[in-house]
DNA sequence: CGGGCCCGTCAAGAACGCGTCAAGAGCCGT
DNA sequence: ACGGCTCTTGACGCGTTCTTGACGGGCCCG
């Protein structure tokens with residue numbers, strides 16, 4: 142089941158697209174303005190985004206820029222204009238495809254399929270992460286420490302997932318915050334400290350001397366298997 | 142061999158579809174009115190239903206509703222009208238696809254294939270599920286707890302079935318809702334909570350401390366034998 | 001030695017999700 | 001038409017999780 146985010150301020154078009162997409166076995170979430178759209182990208186993790194330029198609150202290219210700042214999800218841009226200027230600009234900003242209105246629904250569906258196929262596995266779950274001390278199975282949401290099942294909260298899972306996507310690499314505080322709490326959380330609050338603490342208590346053999354969930358002072362955190 | 146139920150009161154169209162479907166290696170059963178159709182869904186367990194709205198005995202949407210009450214089988218709706226109102230209503234009621242007359246037979250065949258593919262093995266019956274405390278026989282619709290027969294309602298069976306298809310695995314709320322209530326139920330309501338509760342009362346040795354039907358907060362449910 | 005800065009730790013209130021109950025509607029067979 | 005059974009829906013309490021503020025300690029720098 143592929144999840145499609147439809148961003149359009151025209152309720153009729155939104156509805157039409159939603160129905161057509163659902164009829165072809167997709168899951169659909171919608172947004173009517175740019176800010177909601179960006180938020181949905183991070184929170185709902187769609188497999189593909191259909192983005193109408195010309196939203197009420199933000200310039201279309203700005204929305205695209207923000208989506209790209211938050212995710213690499215494929216974006217198909219809709220636009221009323223025929224001029225290729227927009228098209229070029231949109232594609233430069235990272236749109237994956239471009240459809241001008243009016244368009245046939247079938248055409249759009251075909252492009253959605255194509256985009257999803259190309260988009261590959263970024264929305265997909267991580268494989269299990271194994272260390273000498275614990276095992277994390279993201280698909281099943283199962284954590285095992287020394288053979289014992291350990292219960293992790295949803296937010297703890299999201300933090301871990303963001304870290305484990307780049308095993309051994311530094312993840313900056315800002316990126317981590319955005320990945321877990323959404324794009325508007327650029328500024329540090331206690332979040333990371335609290336959850337790093339929590340996770341170390343649950344997973345590390347000696348929480349005071351972490352061996353897997355490491356702090357890079359002033360920068361961010363790093364997960365090493 | 143996929144089994145297709147064709148519901149149409151026009152004998153000519155019925156005949157045309159039957160021939161076309163058989164020619165492509167399908168098994169075909171037919172119904173000419175709504176009541177027969179609903180009965181056939183439960184008795185013949187088709188892999189997909191082609192349903193013409195505008196039947197003599199029942200309103201089209203009513204037929205669809207009843208089919209949905211009995212099964213999650215994919216339904217492709219046929220309609221003479223072009224107005225999208227009907228279309229929207231049908232899809233909201235859980236139709237999986239919608240074809241307006243006139244249509245090409247090839248197109249319909251393609252949609253049948255697509256629906257079956259999406260539907261996957263949902264129509265197939267599960268083998269019996271046995272735990273130390275109860276036995277579930279899905280084929281016979283018979284549940285036994287400590288040797289005593291227990292009555293489960295149709296919806297309870299469907300919830301159990303969706304869970305038992307992936308024993309030991311997490312089934313997300315959204316997937317569960319869709320599997321039981323149809324494709325248009327993406328959003329959480331009380332459904333799952335109510336039925337999880339009901340099932341635990343009927344099946345679990347200690348409903349307050351479930352051992353088989355487990356909650357994964359914020360995510361979904363998991364059945365462990 | 002003193003002062004920031006940043007991180008880890010803790011605790012309390014708010015917000016959320018789940019289990020539970022019960023009332024009402026719809027469908028069925030009698 | 002009536003009564004029973006399901007399904008649907010809202011309300012409520014409770015436990016868990018999230019959020020937020022406060023405090024202390026280590027480290028670097030002046």
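Residue numbers (this note's numbering), protein chains in the order written: chain E, 142 to 366; chain S, 142 to 366.
The beta carbon of each residue, even a glycine, is placed where N, CA and C say it ideally should be.
Since the structure is predicted, the reported quantities are computational estimates derived from the model, not experimental observations.
With 8 Å as the threshold, decide whether the Cβ of residue i is near any Cβ in chain E.
{"i": "residue 238 of chain S", "result": "yes"}
{"i": "residue 317 of chain S", "result": "no"}
{"i": "residue 357 of chain S", "result": "yes"}
{"i": "residue 310 of chain S", "result": "yes"}
{"i": "residue 360 of chain S", "result": "yes"}
Mind checking if residue i is an interface residue toward chain S, Cβ cutoff 8 Å exclusive?
{"i": "residue 252 of chain E", "result": "no"}
{"i": "residue 269 of chain E", "result": "no"}
{"i": "residue 186 of chain E", "result": "no"}
{"i": "residue 299 of chain E", "result": "no"}
{"i": "residue 281 of chain E", "result": "yes"}
{"i": "residue 295 of chain E", "result": "yes"}
{"i": "residue 164 of chain E", "result": "yes"}
{"i": "residue 285 of chain E", "result": "no"}
Take the Cβ of residue i as the centre, count every other Cβ of all protein chains shown within 10 Å, and call the residue buried at 16 or more, exposed below.
{"i": "residue 224 of chain E", "result": "For residue 224 of chain E, the pLDDT reaches just 47, beneath the cut-off of 50, and the residue's location in the model is therefore unreliable, although a value from the coordinates is still provided. The residue is exposed, with fewer than 16 neighbouring Cβ atoms inside 10 Å."}
{"i": "residue 201 of chain S", "result": "buried"}
{"i": "residue 347 of chain E", "result": "exposed"}
{"i": "residue 149 of chain E", "result": "buried"}
{"i": "residue 354 of chain E", "result": "buried"}
{"i": "residue 273 of chain E", "result": "exposed"}
{"i": "residue 183 of chain S", "result": "exposed"}
{"i": "residue 334 of chain E", "result": "exposed"}
{"i": "residue 216 of chain E", "result": "buried"}
{"i": "residue 299 of chain S", "result": "buried"}
{"i": "residue 209 of chain S", "result": "buried"}
{"i": "residue 349 of chain E", "result": "exposed"}
{"i": "residue 290 of chain S", "result": "exposed"}
{"i": "residue 262 of chain E", "result": "Only weak support is given to the placement of residue 262 of chain E: the predicted model assigns it a pLDDT of 43, under 50, and the question is left unresolved by the model."}
Rounded to the nearest angstrom, what separates residue i and residue j at their Cα positions?
{"i": "residue 164 of chain S", "j": "residue 193 of chain S", "result": "21 Å"}
{"i": "residue 311 of chain E", "j": "residue 312 of chain S", "result": "33 Å"}
{"i": "residue 343 of chain E", "j": "residue 322 of chain E", "result": "21 Å"}
{"i": "residue 293 of chain S", "j": "residue 284 of chain S", "result": "7 Å"}
{"i": "residue 303 of chain S", "j": "residue 152 of chain E", "result": "34 Å"}
{"i": "residue 276 of chain E", "j": "residue 357 of chain S", "result": "18 Å"}
{"i": "residue 214 of chain S", "j": "residue 181 of chain S", "result": "12 Å"}
{"i": "residue 297 of chain E", "j": "residue 326 of chain E", "result": "17 Å"}
{"i": "residue 246 of chain E", "j": "residue 206 of chain S", "result": "27 Å"}
{"i": "residue 191 of chain S", "j": "residue 167 of chain S", "result": "13 Å"}
{"i": "residue 254 of chain E", "j": "residue 156 of chain E", "result": "19 Å"}
{"i": "residue 317 of chain E", "j": "residue 159 of chain E", "result": "32 Å"}
{"i": "residue 264 of chain S", "j": "residue 252 of chain S", "result": "With a pLDDT of 48 at residue 264 of chain S, under the threshold of 50, the modelled position of that residue is not reliable, and no figure is offered here."}
{"i": "residue 174 of chain S", "j": "residue 142 of chain S", "result": "25 Å"}
{"i": "residue 169 of chain E", "j": "residue 144 of chain E", "result": "6 Å"}
{"i": "residue 320 of chain S", "j": "residue 220 of chain E", "result": "36 Å"}
{"i": "residue 286 of chain E", "j": "residue 339 of chain E", "result": "14 Å"}
{"i": "residue 295 of chain S", "j": "residue 195 of chain E", "result": "48 Å"}
{"i": "residue 279 of chain E", "j": "residue 331 of chain S", "result": "26 Å"}
{"i": "residue 188 of chain E", "j": "residue 257 of chain E", "result": "7 Å"}
{"i": "residue 314 of chain S", "j": "residue 249 of chain E", "result": "29 Å"}
{"i": "residue 336 of chain E", "j": "residue 271 of chain E", "result": "20 Å"}
{"i": "residue 244 of chain E", "j": "residue 176 of chain E", "result": "25 Å"}
{"i": "residue 239 of chain S", "j": "residue 161 of chain E", "result": "9 Å"}
{"i": "residue 242 of chain S", "j": "residue 288 of chain S", "result": "54 Å"}
{"i": "residue 197 of chain S", "j": "residue 236 of chain E", "result": "50 Å"}
{"i": "residue 329 of chain E", "j": "residue 218 of chain S", "result": "53 Å"}
{"i": "residue 154 of chain S", "j": "residue 154 of chain E", "result": "33 Å"}
{"i": "residue 345 of chain S", "j": "residue 212 of chain S", "result": "25 Å"}
When you compare the CB positions of residue i and residue j, do they come within less than 8 Å of one another, or not?
{"i": "residue 204 of chain E", "j": "residue 178 of chain E", "result": "yes"}
{"i": "residue 199 of chain E", "j": "residue 172 of chain E", "result": "no"}
{"i": "residue 341 of chain E", "j": "residue 351 of chain E", "result": "yes"}
{"i": "residue 366 of chain S", "j": "residue 308 of chain S", "result": "yes"}
{"i": "residue 360 of chain S", "j": "residue 282 of chain E", "result": "yes"}
Can you find a heavy atom of the ligand ZN that lies under 7 Å from the Cβ of residue i?
{"i": "residue 144 of chain E", "result": "In the structure on display, the ligand ZN does not appear, and there are no ligands present to speak of."}
To test your reading of the DSSP string, which unbroken beta strand (DSSP E) runs of 3 or more residues are found completely within the stretch 265 to 331 of chain E? Qualifying beta strand (DSSP E) stretches, in chain order: 275 to 278, 283 to 286, 289 to 291, 311 to 313.
Taking only runs of the beta strand (DSSP E) that begin and end inside the stretch 143 to 220 of chain S, which ones reach a length of at least 3 residues, in chain order? Runs of the beta strand (DSSP E) inside the stretch 143 to 220 of chain S: 144 to 148, 168 to 172, 189 to 193, 216 to 220.
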